[in-house]
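Scroll down for the structure; my scribbles are underneath it.
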Amino acid sequence: MPDSTASDRNVPYAIRAYAPDQLIDALRKMYLIRRFEEGAEDSYTRGLIHGTMHLSIGQEASAVGACMSLTDDDKITSTHRGHGHCVAKGADLGKMFAEFFGKETGYCRGRGGSMHIADVEKGNLGANGIVAGGIPIAVGAALSAKRLGTGAVTVCFFGDGANNEGAFHEALNMASVWKLPVVFVCENNRYGMSTSTERSTAVKSIADRAAAYSMPGERVDGNDFSAVTEAVDAAVARARNGDGPSLIENVTYRWRGHSKSDRNRYRTKEEIAQWQERDPIARMAAMLTEHGIIDDASVAAIEKNVEQAVEAAITFAKDSPAPRVEDATRDVYTPRAAA
Amino acid sequence: MPDSTASDRNVPYAIRAYAPDQLIDALRKMYLIRRFEEGAEDSYTRGLIHGTMHLSIGQEASAVGACMSLTDDDKITSTHRGHGHCVAKGADLGKMFAEFFGKETGYCRGRGGSMHIADVEKGNLGANGIVAGGIPIAVGAALSAKRLGTGAVTVCFFGDGANNEGAFHEALNMASVWKLPVVFVCENNRYGMSTSTERSTAVKSIADRAAAYSMPGERVDGNDFSAVTEAVDAAVARARNGDGPSLIENVTYRWRGHSKSDRNRYRTKEEIAQWQERDPIARMAAMLTEHGIIDDASVAAIEKNVEQAVEAAITFAKDSPAPRVEDATRDVYTPRAAA
Amino acid sequence: MNAQAGIEVREISYTQAIREAMDIALSEDERVILMGEDIGVYGGAFQVTGDLVDKYGTDRVMDTPISELGGAGVAVGAALTGLRPIFEFQFSDFATLAMEQIVNQAAKVRYMLGGAVSVPVVMRFPAGSGTGAAAQHSQSLEAWLGHVPGLKVVQPATPEDAKGLLLAALDDPDPVMIFEHKLLYKMKGQVPSGRYTTPIGKAMVRREGSHVTIVATAIMVHKALEAAKALEDDGIKAEVIDLRTIRPLDRDTVLESVRKTGRLLCVYEAVKTLGIGAEVSAMVAESDAFDFLDAPIVRLGGAESPIPYNPELEKAVVPQVPDIIEAARGLAKGRT
Amino acid sequence: MNAQAGIEVREISYTQAIREAMDIALSEDERVILMGEDIGVYGGAFQVTGDLVDKYGTDRVMDTPISELGGAGVAVGAALTGLRPIFEFQFSDFATLAMEQIVNQAAKVRYMLGGAVSVPVVMRFPAGSGTGAAAQHSQSLEAWLGHVPGLKVVQPATPEDAKGLLLAALDDPDPVMIFEHKLLYKMKGQVPSGRYTTPIGKAMVRREGSHVTIVATAIMVHKALEAAKALEDDGIKAEVIDLRTIRPLDRDTVLESVRKTGRLLCVYEAVKTLGIGAEVSAMVAESDAFDFLDAPIVRLGGAESPIPYNPELEKAVVPQVPDIIEAARGLAKGRT
Ligand SMILES: Cc1ncc(C[n+]2csc(CCOP(=O)(O)OP(=O)(O)O)c2C)c(N)n1
Ligand SMILES: Cc1ncc(C[n+]2csc(CCOP(=O)(O)OP(=O)(O)O)c2C)c(N)n1
Ligand SMILES: [Mg+2]
Ligand SMILES: [Mg+2]
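Residue numbers (the numbering used here), protein chains in the order written: chain A, 1 to 339; chain B, 340 to 678; chain C, 679 to 1014; chain D, 1015 to 1350.
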């Protein structure tokens, strides 16, 4: 909620809009995402994790910034690259690691893994293994909110690659026709797997596609926490106010490969290095320091605390029981009281 | 091919671009479409036609105008409302009626019916029972033309309703990314079945969606033969020249119901009457008369000739043999010479 | 059937029965919404929703754009978050556009999330041939969904079941897919007024007999009953089972009958190969009823071809009453 | 196999065999193009296309946007007009997005147009579980396409067949769907160099035996062979048939074997209900081989659940070698 007395032009939006503890918490979440994923990567290398995983390291400002003005009643839909969204929406790291390790204590009791982590209580309707699969679902959640009058807003995350799926088109069109409370957040990290937006997407800025649905579209520096927050907060307020959907394009970059099988042949080391210089976490820490919200020592303390939290989460996950093989086909259908 | 010496601003494009015999032939085709469909309607009422049918009466300028600069090597893909496109591309009316009557002499040997009429020799790849089903196929035909260097252009017809299908989005995006020789012609007759564009489509003009694919988009009066021709010819030339796809929106109206089961509860009689005043055929005839290409007597002669052609076609179809029931499962697979 | 007191039984059509079920659901439960193409003022391509929009308004009887994938996905998302959508496909053939949301999302979300959610969505699919609508508007694709764990799939054959199964589907916390044969829409039958449910997962013996078991689905139930009547003249007593639900299959009802008759004929309109008859046959052939079989298990399914437009050809590619009579006669040979 | 002279046989992987087939096709026929997501510089999600883009360029090895419906439709349109596209789905699960173009268009256009055209498109589907990719990346959906007239559907189990069937598919004027099990990609086997084709529609007896017939598909062929070896120690001689094509089914090879052994076990990874084993079972049960059956027909298919992520659970929901041994033992009881 912007504090109008401090609306100095030189003060970034986020600093004006949020209290220091909220900002510090946001920074902490960004660190949590980073360390969580580094921990996951490490666990993968040690053979503790089965399957594949998609890391969002380098994209933390987008995840955390986009969730700043959401409550637990608000919903998000996420993607295969969804750890950041999950943490940003308030998930428990232990349950996340437990899911990675395929444990009964995981968010999906070990049935879903990285690509299906959800945290329904906190409003995270789930990652999705299908590119753009979550977009119509987000619109459905927004329809529920409107019909049931809950006042909830849905933030729908997806990648640049997803914007070429038919589901994107159909869902944005319906959201606009029905004026639903949903914010479409495209995390444009320049590639869908190996295919650059130039080679896949017939428009310069994905935000420009908003015009095809008569909704506002805005392209922002997705590694600038304040810019993300400013754009998404306005869109969330608009949605909450009954004015319908918006499309925000957060321009960002993933530092790691697409998944664990990526040989990185479609981009250069230089490009990666350039983007690493625009590290969203370092920029957030610098912004908070510059505006006197935090000092270097506290940053260090946060980092340390986050490392401990990740370690504790890994330990919890390791020590957790695996699901029983006899239960492999449980939860296909919902149990019902005998008639 | 525009005749530059006659490029008087007051002379419509079509008059400048085409020779009198071409224009007269176009007018004749428009009559053919109208009478063909009236004949089909009549046959339906008499129980000669099975199933349903979708009439394009009122939309003749779009079909004929869009095919003016095409050769038999150029392709079109059509829709459930495709009789006009088929006639415009040069089809034989007898084979069309025979198809309606389910006869072995029909374009599809009685297997396809109204919704699947095709005329492959003339470059009509077929109507389609799936809304937007032909759009990716058109892009595929354009890909063939580009790869095989045939120089052919594909005109892809579809309705306003189709523009909300995912296939529309995916296909236009690919056509643009790959710069393929295809012209997307949206026949916006204001309704997809009963649902108006206002209630289904989150953009005022469908042509505006072209911007989402970085291709030119133009909205024209689809009942004005010259306007259609001017826009489509330019797009065809652009495609043929290797400059990629375009989207043209022909604003038009269907006088009849969506199909034979329509109770017309979603629009008013007044609206229909207003559009009937903008009859594309009357306007075409008036334009040709005004510019001295044709006189009233010749118009009457054409009408008479067309009526005879339709009658002859119906007779041919009626007299044609039905397919043999034993052949019901023929043509599922392509026969091959024994190995 | 599990009905309330004070009911009245009237003759109404299959279409009216479905509409009545939706009307009851809409009036009883604010969370119920209808979604689909042209289901509002048009009343639906087959006039199933009819005038419901006049009673409940466009917020609860929602015309969607022509966007099957997105529309089905919106229904799934709405079901996940508190609504109870009934999504109508205009023709079951268009489910081909929405398999992603039906199969990857609706059917699997609960399992993938370890049981944290349910997806109470109902989808209706007008299916089958016989209307002259040719290959892209005449398919019977229920077997695809029958192959998908997480879904329940029903095929009501009578107005009574059409209403009862729809109300049961709405009571069900999981996604239920309802295939309605288009040629049944105008069929009339006795239907109780008010709320009742027909159990999902239970087949029904429509006619008892001891010489041959005919397991049929949807419109084929009626053709099988007609055939059974004719067979009686030959002294052949056919038992006709209306499968009603294809996922989960009612093994017990089928097996019990086969143990009695020793002969099984499966009749369905979908393409024979990998249609529901394949599963019924295989289920019996691997059960203890196998030992009771006195003859090969015969299937009558649709031809291995798309549905043709020409009406004579169209009839030729799906089983007809004489085909059933002939097959049953062949099976029952030596049995009577 | 129908091979040329001057061939050399080497041990290469299933992946290499497919790539070699595509390489031969690309070099021999200008009309052949590859389309798919990340098949260019990335080499494909499973590295099947590998470096082909370096040799043939991006015009012939085309990365598509993430647009399965549109991409498949472009391939269909291209096939209709002179090209011979090989379209790769990144995972077979994403075919759910493209069923419209595969089923309504590719499979039916020829028929709907009375034979005026053919659609020589080849589609490749990496399928199956075992990679820890969970429910939306592990499905076996081949039975859906096996239910669709107009398509041909193959499931190569060996590197040799992977190459031969792909070249046969390219020679075929009609749409051919190739399901490749992901766990086979790294499997090595003897593969002839140069051009040869493996006939579509022909099963192969991989091991002869007289006590029980095991009909298996894809990776289950190898599990069945392993089981057969173990069964030999019990004195049970299992005949293992690799179905190879699921549409059209090779009835003769299966029936001949069942007439000999009198016992049939079908093993497949797809969900048991309405999977290919249902059709094989039903086909046998309605044939004259029925009279040769000495025991119920047993099916081992995938569990009635989505594929779980946890590796132990993941193994538990698809048939494993011990399951096959146990089932075959049960069947062969009293036979040896
Ligand atoms: C429908 C579908 N197609 C393809 C894939 C395989 N796939 C997974 S992620 C991905 C790239 C997605 O790109 P983008 O949307 O930009 O997200 P990013 O990975 O960059 O975060 C692809 C092709 C998939 N999971 N689902
Ligand atoms: C995928 C699909 N969805 C729905 C339909 C049913 N249907 C046939 S035509 C039509 C309306 C199409 O509207 P539009 O594209 O504007 O074409 P028009 O009929 O106005 O010419 C609908 C909904 C269909 N055939 N295919
Ligand atoms: Mg991306
Ligand atoms: Mg329209």
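Every residue gets a Cβ at the ideal spot worked out from N, C-alpha and C, and that includes glycine. Nothing here was measured: the structure is a model prediction, and the numbers come from that model.
Under the DSSP assignment, B:L371 falls outside any beta strand (DSSP E), being part of the alpha helix (DSSP H) whose first and last residues are P359 to T384. Distance from the CA of C:V936 to the CA of D:S1154, rounded to the nearest whole angstrom, comes to 31 Å. Residues of the segment 170-185 of chain A with a C-beta atom less than 7 Å from some C-beta of chain C are E170, A171, N173, M174 and V177, listed in chain order. With three or more CB-CB distances shorter than 8 Å, the segment 94-103 of chain A counts as touching the segment 303-320 of chain A. DSSP places B:K485 inside the alpha helix (DSSP H), whose first and last residues are G473 to L487. Taking 8 Å as the cut-off, the beta carbon of D:E1174 is found closer than this to the beta carbon of D:V1205.
Within 7 Å of the CB of D:D1077, the CB atoms of chain A belong to T195 and R199, in sequence order along the chain. Within 7 Å of the C-beta of A:N189 there is at least one heavy atom belonging to ligand 3.
Counting only residues of its own chain and dropping the five nearest sequence neighbours on each side, C:L775 has a CB closer than 7 Å to the CB of E746 and L747.
With respect to the 8 Å criterion, B:I456 and B:C425 are classified as neighbours on the basis of their beta carbons.
Spanning the alpha carbons of A:L143 and A:V183 requires a straight line of approximately 13 Å.
A Cβ-Cβ contact shorter than 8 Å links A:S200 with D:P1079.
Of the heavy atoms belonging to ligand 3, none sits nearer than 7 Å to the Cβ of C:G793.
Residue state for B:T493 is assigned as strand, using DSSP reduced to three classes. Take D:A1346, set aside five residues on each side of it, and the residues of its chain with a beta-carbon closer than 7 Å to its own are H1225, V1226, I1250 and R1277, in chain order.
As computed with DSSP, C:M740 is found in a beta bridge with C:M713. Contact between C:E947 and C:S807 holds: CB atoms are separated by about 7 Å, below the 8 Å threshold.
A contact between stretches requires three or more CB pairs, one per stretch, nearer than 8 Å, and the segment 1132-1150 of chain D fails this requirement with the segment 456-466 of chain B.
Per DSSP, B:H424 is one residue of the alpha helix (DSSP H) stretching across H422 to A427.
When Cβ-Cβ separations below 8 Å define contact, A:G166 makes contact with chain B. If the five residues before and after C:P984 are omitted, its C-beta is found closer than 7 Å to the C-beta atoms of A813, all from its own chain and listed in chain order. Sequence-distant partners of C:S871 (beyond 5 residues in either direction) whose C-beta falls short of 6 Å from its own C-beta, in its chain, are I685 and E686. Using a Cβ distance threshold of 8 Å, C:M855 and C:V831 count as a contacting pair.
The C-beta of D:G1084 comes closer than 8 Å to at least one C-beta of chain A. Counting other Cβ atoms within 10 Å of its Cβ, A:V325 stays below 16 and is therefore classed as exposed. Taking the C-beta atoms as reference points, C:L862 is found no nearer than 8 Å to C:R885.
For B:A546 and D:R1265, the gap between their C-alpha atoms comes out near 54 Å.
Within the segment 835-908 of chain C, the beta strand (DSSP E) runs of at least 3 residues that lie entirely inside it are, in chain order, 854-859, 866-870, 882-885 and 890-894. Minimum Cα-Cα distance from A:L32 among the listed residues A:A61, A:Y13, A:A17 and A:V185 corresponds to A:A61. Distances between the C-beta of C:T895 and the heavy atoms of ligand 2 are all 7 Å or more.
By the beta-carbon neighbour count (other beta carbons within 10 angstroms, threshold 16), B:N580 is exposed.
Distance between D:A1330 and D:A1309, taken at the CA atoms: about 26 Å. Think of a sphere of 7 Å around the beta carbon of D:Q1119: the chain B residues whose beta carbon falls inside it are G472 and I476, in chain order. Collapsing the DSSP output to three states places D:Y1282 in a strand. Between the segment 230-250 of chain A and the segment 262-277 of chain A there are fewer than three C-beta pairs closer than 8 Å, too few to call the two in contact.
Within 10 angstroms of the beta-carbon of C:T939 lie 16 or more other beta-carbons, which makes it buried.
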